[in-house]
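For the first sequence, the working numbering begins at 1 and goes up steadily by one. All residues carry an ideal CB built from backbone N, CA and C; glycine is no exception. Computed from a predicted model, the values in this text were never measured in an experiment.
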Amino acid sequence: MENIINITLPDGSIKSVEAGSSPADIALSIGEGLLRSSVAARIDGVLIDLNTPINSDASIELITSRSEEAHDILLHSTAHLMAQAVKELYPDVKITIGPSIKNQFYYDFDLDYAFNDSDLEKIEIKMKEISKRNLIVNRLEFSRQEAIEEFTKLNEDYKVEIIEGISDDDRISAYRQGEFIDLCKGPHIPSTGKIKYFKLLSTSGAYWRGDEKNKMLKRIYGTSFFDKKALRAYLLMLEEAKKRDHRKLGKELEIFTFDEEVGPGLPLWLPNGATMVDELEKLAKSTERNAGYVQVRTPHLTKGILYERSGHLEHYKKDMFPAMDIDGTEYYVKPMNCPHHHKIYDAKKRSYRDLPVRLAEYGTCYRYEKSGQLFGLMRVRSMQMNDAHIYCTPDQFKDEFLAVCKMYSEYFEIFGIEKYQMRLSVHSKEGLGDKFVDEPELWEQTEKSVREALVEGKIDFVESVGDAAFYGPKIDVQVWSAIGKEFTLATNQVDFAIPSRFGLTYTDEHGKELTPLCIHRAPLSTHERFIGFLIEHFAGDFPLWLAPIQVIIIPVSEKYHTYANEVKDQFFNSEIRVEMDDRSEKVGAKIRLAEIRKIPVMLIVGEREMEEQTLSVRRRHEGDIGSFPLNLTIEELKSEIISKSRRYSE
RNA sequence: GCCUACAUAGCUCAGUGGUAGAGCACUUCCUUGGUAAGGAAGAGGUCACCAGUUCAAGUCUGGUUGUAGGCUCCA
Numbered sequence: 001m002e003n004i005i006n007i008t009l010p011d012g013s014i015k016s017v018e019a020g021s022s023p024a025d026i027a028l029s030i031g032e033g034l035l036r037s038s039v040a041a042r043i044d045g046v047l048i049d050l051n052t053p054i055n056s057d058a059s060i061e062l063i064t065s066r067s068e069e070a071h072d073i074l075l076h077s078t079a080h081l082m083a084q085a086v087k088e089l090y091p092d093v094k095i096t097i098g099p100s101i102k103n104q105f106y107y108d109f110d111l112d113y114a115f116n117d118s119d120l121e122k123i124e125i126k127m128k129e130i131s132k133r134n135l136i137v138n139r140l141e142f143s144r145q146e147a148i149e150e151f152t153k154l155n156e157d158y159k160v161e162i163i164e165g166i167s168d169d170d171r172i173s174a175y176r177q178g179e180f181i182d183l184c185k186g187p188h189i190p191s192t193g194k195i196k197y198f199k200l201l202s203t204s205g206a207y208w209r210g211d212e213k214n215k216m217l218k219r220i221y222g223t224s225f226f227d228k229k230a231l232r233a234y235l236l237m238l239e240e241a242k243k244r245d246h247r248k249l250g251k252e253l254e255i256f257t258f259d260e261e262v263g264p265g266l267p268l269w270l271p272n273g274a275t276m277v278d279e280l281e282k283l284a285k286s287t288e289r290n291a292g293y294v295q296v297r298t299p300h301l302t303k304g305i306l307y308e309r310s311g312h313l314e315h316y317k318k319d320m321f322p323a324m325d326i327d328g329t330e331y332y333v334k335p336m337n338c339p340h341h342h343k344i345y346d347a348k349k350r351s352y353r354d355l356p357v358r359l360a361e362y363g364t365c366y367r368y369e370k371s372g373q374l375f376g377l378m379r380v381r382s383m384q385m386n387d388a389h390i391y392c393t394p395d396q397f398k399d400e401f402l403a404v405c406k407m408y409s410e411y412f413e414i415f416g417i418e419k420y421q422m423r424l425s426v427h428s429k430e431g432l433g434d435k436f437v438d439e440p441e442l443w444e445q446t447e448k449s450v451r452e453a454l455v456e457g458k459i460d461f462v463e464s465v466g467d468a469a470f471y472g473p474k475i476d477v478q479v480w481s482a483i484g485k486e487f488t489l490a491t492n493q494v495d496f497a498i499p500s501r502f503g504l505t506y507t508d509e510h511g512k513e514l515t516p517l518c519i520h521r522a523p524l525s526t527h528e529r530f531i532g533f534l535i536e537h538f539a540g541d542f543p544l545w546l547a548p549i550q551v552i553i554i555p556v557s558e559k560y561h562t563y564a565n566e567v568k569d570q571f572f573n574s575e576i577r578v579e580m581d582d583r584s585e586k587v588g589a590k591i592r593l594a595e596i597r598k599i600p601v602m603l604i605v606g607e608r609e610m611e612e613q614t615l616s617v618r619r620r621h622e623g624d625i626g627s628f629p630l631n632l633t634i635e636e637l638k639s640e641i642i643s644k645s646r647r648y649s650e
């Protein structure tokens, strides 16, 4: 009896097998097809390889190629396959790490040679060859000392460094396929022959252990799938995503441009973009007015002493443009609006009866972003923030904080933004006194109250240590660009430090002077990033209220230009953004251009319309929807604009 | 900032050391049309910039600037 063990299957049934059977044996006993589609197994909740023997009673779950976990394992195994190919082609290479990431994998190599595109092709061919060898992937286990000896022998210094960092009592595993051995926890695909549909995508540099003080390694990214169709679909998806890229659409739709003589990261808003900025500001102003904010305006330039007081020069200087000397005094362009707003708060005596004070401004700030991190409109050096600072008592904090969170969701509702993640960024102990103001207790206390507010507001969030602002924790809304870069869109930050540095106070009901809390918030981010995001979110197909050109009049021929101009004037007088296509072109050509420009409403006017005083309405994504009286059309479009309807954006 | 690649007409892109090209857009003319491209002609370039190699450089080399993909950092 001793050599029989009981294996519990996911459906609860129990299978008795010989001790030492592997998940592969168990899969085969159920069916050959199951074995074929299995890539690993979970035994009592722990992922193991298909051929690892099981020696005692356990529950089993086979990981088949359909699951996301299986895809991760495949990606990781493909990274090993690539590393093996690179090592065969470039024997001097030292391998480092090669994990799977979302739908992709990468591997970092230390090599005195830079890979180019034709090298990627060569490596891919070598990978296919190794795949055909169908090498069995074996798990090896070492003690720490054995592992160090083994990888020292292989001359893999980086692996030795990793092992040295692993705690003493752990068994160390590695995987061997043919001549290639890689330090790895596993599990892995059982043989290289199962890795068939992959593509190497790009090369880049990457610092060893992500630290810019370390050596720059050579990284190769790639992707891999279980079947050809899925690989093709993924590559197609990457191509499609590029078409939504705001840099491409922003140029095509004449929203913004950059000019070498103006400077990197300093966008120029073209008329279409300026119109959109204006619409955003109108939205923000009315929302904030209803939420009890007041508008202020402050200069772009300020004496250094203000930023000494605020702590910016201590904690934020590397992100600021260098000082300029004006009559012997140092001035800076502002990186944030808060110090100015603090001065406005401080411009008069405040009572608890005045609080909360909510000061709003779409102030333009300038930040010295490192050249390599500029990215279209999403990451720029001059930016106009949807900024406001709320000064409140500790008692008011939770309500104010949640009101800001509510404002986010109202905005997100308007734009139909559904894919985002709330992130609570807190301080790290190591950063105290450097990256963060040195107030350990206040940090803990503030972070606690923010967490409580979030829980009370039933807001789901993830936490990120070490990403707080220098003056306090923040709640960010993370979104992803068309090509998958992550960005912080909205932000909501709590400041427990700076108001006291500015000596800000309010008089409480007992006549005592107290320091207010400050909430920094930017639910619409900056105009630059928000519009960059919206371009991609809508793929340039903006809802009517936001579209730079809302309506284009298309006369069938020159004979109807007079009527078309009358129509245009009426739309113009109704404050609808209208243009007329008076080129000597056929209707089809005018429609085509309007479609390319993604103008939501096309109005065709000819003989019939002129006689009947109507318009033939063609809407993007809908086509010809029929003829309507002029006045009715204006009314309907007006109401669509006022309601901010998203007619096509789903 | 670091690694790598790229930079040719307004846009998209050909052009591997020997007279600078295409399509679209633009201008003019013809055409006056009915729901995604009517026709013809014309204009448009210091091949990003600065050096160098060469009889000769868009093409080769170096530097600068800008852009792209990453790394690091962030609204």
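Identify, in the order they occur along the chain, each residue of the same chain with its Cβ nearer than 8 Å to the Cβ of residue i, setting aside the five sequence neighbours on each side.
i	result
Ile-344	Val-296, Thr-298 and Leu-359
Glu-650	With a pLDDT of only 47 at Glu-650, under the threshold of 50, the placement of this residue in the model should not be trusted; the figure read from the coordinates follows. Correct list, in chain order: Gly-416.
Val-605	Ile-553, Ile-554, Pro-555, Val-556, Tyr-560, Tyr-563, Ala-564, Val-567, Leu-615 and Ser-616
When burial is assigned at 16 or more other CB atoms within 10 Å of the CB, is residue i buried or exposed?
i	result
Phe-415	buried
Gly-433	exposed
Asp-11	exposed
Pro-264	exposed
His-621	exposed
Tyr-656	Lying before the first or after the last residue shown, residue 656 is absent from the chain, which here runs from 1 to 650.
Gln-493	buried
Ile-4	exposed
Phe-542	buried
Gln-613	exposed
Met-1	Its pLDDT being 47, under 50, Met-1 is placed unreliably by the model, and the measurement read from it follows with that caveat. Looking at its Cβ environment, which holds fewer than 16 other Cβ atoms inside 10 Å, Met-1 is exposed.
Val-601	buried
Pro-394	exposed
Gly-623	exposed
Asp-108	buried
Val-479	buried
Met-407	buried
Met-237	exposed
Glu-156	buried
His-655	Since the first residue shown for the chain is 1 and the last is 650, residue 655 is missing from the structure and cannot be characterised.
Taking Cβ to Cβ, would you say residue i is nearer than 8 Å to residue j?
i	j	result
Ile-163	Arg-176	no
Tyr-332	Ala-323	yes
Gly-363	Gln-384	yes
Val-86	Ile-123	yes
Phe-502	Thr-446	no
Tyr-23	Leu-81	The residue asked about is misnamed: residue 23 is Pro in this sequence, not Tyr. Contact flag unset, no.
Tyr-90	Arg-219	no
Lys-348	His-340	no
Leu-154	Pro-267	no
Glu-528	Ser-481	no
Ile-130	Thr-203	no
Tyr-368	Phe-321	yes
Ser-59	Ser-37	no
Below 7 Å CB to CB, which residues in the same chain sit around residue i once its five sequence neighbours on both sides are set aside?
i	result
Ala-453	Lys-398, Phe-401 and Leu-402
Gln-421	Val-462 and Gln-478
Thr-515	Pro-499, Ser-500, Leu-504 and Thr-505
From the DSSP output, which residues share a beta bridge with residue i?
i	result
Pro-629	Thr-614
Cys-518	Tyr-391 and Asp-495
Lys-474	Ser-425 and Gln-493
Gln-104	Ile-101
Glu-513	Thr-507
Asp-624	Arg-618
Glu-486	Trp-480
Ile-136	Ser-191
Phe-542	Beta-bridge pairing links Phe-542 to no other residue.
Phe-256	Trp-269
Gln-295	Ala-360
Can you find the residues in the same chain that come closer than 6 Å, C-beta to C-beta, to residue i, ignoring five residues on each side of it along the sequence?
i	result
Asp-57	Ile-5 and Asn-6
Asp-110	Lys-94 and Leu-217
Gly-178	Leu-135
* **Runs of beta strand (DSSP E) wholly within the segment 28-107 (minimum 3 residues, chain order)** => With a minimum length of 3 residues, the continuous beta strand (DSSP E) runs that stay inside the segment 28-107 are 38-43, 46-48 and 58-64.
* **alpha helix (DSSP H) runs contained entirely in the segment 335-364, provided each spans 4 or more residues** => Counting only runs of at least 4 residues, the segment 335-364 fully encloses the following alpha helix (DSSP H) elements, listed from N- to C-terminal order: 338-345.
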